[in-house]
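According to mature numbering (1 follows the signal peptide of the UniProt record, and there is no 0), the residues represented by the sequence shown are -25 to -1, 1 to 419, in order.
Structure record follows, encoded as structure tokens.
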Amino acid sequence: MAALCVNLLTVNMFLSVFFLPGDLAECPDKSKLFITAPKKMEALSGSCLHIPCTFTAKPGDAEFDSTRPTFGVWYKNVHAFANVVFNSSGTVNKYPMNITGNLSQKNCSTLFSNLTTSHTDTYFFRVNNGPYIATASCDPLQITVKDSPWSPSIHISAGDLKEKQSVSITCSALTPCPHSPPQLTWNLHPDSHSETEENTDGTFTTKLQQTITLSHTHDGYNISCSATYPVNGGRNKTAETQQTLSVSYAPRDTSASISPSGLLSAGIWVNLTCSSRAKPPISSFTWFKNTTDGPKKVHEGHMYSLEMTNMADIELHYCVATNALGDQTSSWVHLNVSDSFQHTAAVVAVIVVVALVCLALCVWWPKKHQTHRDTQSQTADWTEEEIHYRAISVSSQRPGPSSVSVQDSGQQQATVYARVKVKQPANSCAQPADEQLYAQVKKK
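Here's what the structure looks like:
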């Protein structure tokens, strides 16, 4: 009995390798095996591909028996038995494939590793379960291997974005090889961590997700997300995608301005302009005047022209900008006619002050220089010198003849004058200026 089982197993293995249909059977009537798997799959060269697969065996001459040894076979095309690329029995292993599912439980999931672009082809799956041998000829699988990675996709939970709305933003990337998932990064939240999730069809997706509350600042914000795929050799392949947010919001930065600006007087015409930003655009501008009886609507439109009057000093104008999402009120525009006179008075006051300062300088400056000249004059008076003279008589003896007259006998007199200089203040009352003193000295 054991020998018979061995012989049957050998025959089944032989048939699984060499018995391949030349043409596809008519589907689905004559097919005995059906697989549930994606019709088309893409993979990245240098990486792997996880093929989710389950099968259903249709009863026929023989039935699938999970208690018997079961083998799975992958082959490409259907024209020749030589196209078998993998047999889980180990007899054929042309391509680096491995059936990871439990065939006894009808799970034919397969991991296709070390892919290259030459692996791009159409593949079929076959089950060998003792006397039950069948090919899923109605369920071909198209595998395409690419050199370039896929750009990630950005999804927003709400289609029409409005301020104050809470939305979930997701960046997701295809993950053909869940054993080496891509690394996702984006500018919405740089510290976010990506997660790999299994989809309902058995494939995998890597995601980044963030929930935010929208505001007017998000309008025009550009979300950038990149996916980096690890491949053989420690290299990476990166792709990026971007999406710009379009957020609707109520009027913002509403303001009222007046022209001409500056000094205004009664009788001139001025233009009041209301400006604001909003999305959708502003649908209406309304002008109000704040009176003693309360706000009064005075105009519709972004510009309002009016003539300045004497009553304008108690009027306050403001505008309201409105769109489909709300409205916003500007600050008041003060139209005070007396302001022009206040400005004029202020200018005149400044001119008067400047004139007084100049006048004070004109008076003080000459006095300062006159005092300086008087001081110099006093100093000069102190330096004047008074000249005094003194006559000094000096006599001397010298030999002479006896016939000299009596006046000259024995002596000869000489008169010497001396001049003495004395400093004296000009204002002195004790002595007249320019008094001369003389001293006479007789020399014998």
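All C-beta atoms, glycine included, are put in the ideal place defined by N, C-alpha and C.
Fair warning: this is a prediction, and the values are worked out from it, not measured in the lab.
Check whether threonine 11 and phenylalanine 39 have beta carbons under 9 Å apart: no
Runs of beta strand (DSSP E) wholly within the stretch 84 to 168 (minimum 3 residues, chain order): 85 to 87, 96 to 104, 107 to 110, 116 to 121, 128 to 131, 141 to 149, 158 to 161
Residues of its chain near tyrosine 224, where Cβ-Cβ distance is below 8 Å and the 5 sequence neighbours each way are ignored: Lys137, Glu138, Ser190, His191, Asp194, Ala253, Lys254, Leu300
Three-pair Cβ contact test at 8 Å for the stretch 214 to 231 versus the stretch 179 to 188: no
Test item: CB-CB of serine 234 and valine 245 under 9 Å: yes
Residues that proline 270 bridges to, as DSSP identifies them: Asn265
3-residue-minimum beta strand (DSSP E) runs that sit fully inside the stretch 196 to 227, ordered along the chain: 197 to 205, 211 to 219
Distance, glycine 47 Cα to serine 64 Cα: 8 Å
Straight-line gap, leucine 163 to glutamine 185 (C-alpha atoms, nearest Å): 8 Å
Assigned secondary structure, serine 277 (DSSP; H/G/I helix, E/B strand, else coil): Here residue 277 is histidine; the residue named in the question, serine, does not match the sequence. Reduced to three states, the DSSP call for histidine 277 is coil.
Length of the line joining the Cα atoms of asparagine 68 and tyrosine 98: 15 Å
Coarse secondary structure for asparagine 58, derived from DSSP in three states: helix
Nearest candidate by alpha-carbon position, reference glycine 242, set Met278, Glu215, Pro106, Thr284: Thr284
Cα-Cα separation, histidine 260 to glutamine 303: At residue 260 the sequence reads phenylalanine, which differs from the histidine that was named. Their backbone Cα atoms lie some 10 Å apart in a straight line.
Selected residue, minimal CA-CA separation from histidine 94, among Pro71, Ser79, Ile108: Pro71
Beta-carbon proximity check, threonine 216 vs serine 112, cutoff 9 Å: no
Neighbour-count burial assignment, asparagine 298, 16 or more Cβ in a 10 Å radius: buried
Rounded C-alpha distance that separates serine 20 from proline 13: 19 Å
Alpha carbon of proline 205 to alpha carbon of threonine 85, nearest angstrom: 20 Å
Whole-number beta carbon distance between phenylalanine 263 and valine 308, since they are thought to touch under 8 Å: 11 Å between Cβ atoms; not a contact.
Methionine 16 to threonine 150 span [Cα, whole Å]: 11 Å
Nearest to aspartate 114 (by Cα), restricted to the options Val328, Cys23, Lys51: Lys51
Helix, strand or coil at alanine 335 according to DSSP, with G and I counted as helix: helix
Best match in Ala202, Asn104, Asp166, Asp268 for proximity to glutamate 43 [C-alpha to C-alpha]: The residue you asked about is not glutamate; residue 43 is arginine in the sequence shown. Of the candidates Ala202, Asn104, Asp166, Asp268, the one whose C-alpha sits nearest the C-alpha of arginine 43 is Asn104.
Cα-Cα separation between alanine 231 and serine 250, rounded to whole angstroms: 7 Å
Distance CB(alanine 133)-CB(valine 142) smaller than 9 Å: yes
Residue nearest to phenylalanine 9 in terms of C-alpha spacing, selected from Cys23, Cys28, Ala18, Leu24: Cys28
Exposure of lysine 272, with buried meaning 16 or more beta-carbon neighbours within 10 Å: exposed
Alpha-carbon spacing of threonine 66 relative to cysteine 152, whole angstroms: 26 Å
Threonine 66 (DSSP reduced to helix, strand or coil): coil
Rounded C-alpha distance that separates threonine 45 from cysteine 83: 11 Å
Residues near serine 123 in its chain [Cβ-Cβ closer than 6 Å; skip 5 each side]: none
Threonine 304 in three-state terms, based on DSSP: strand
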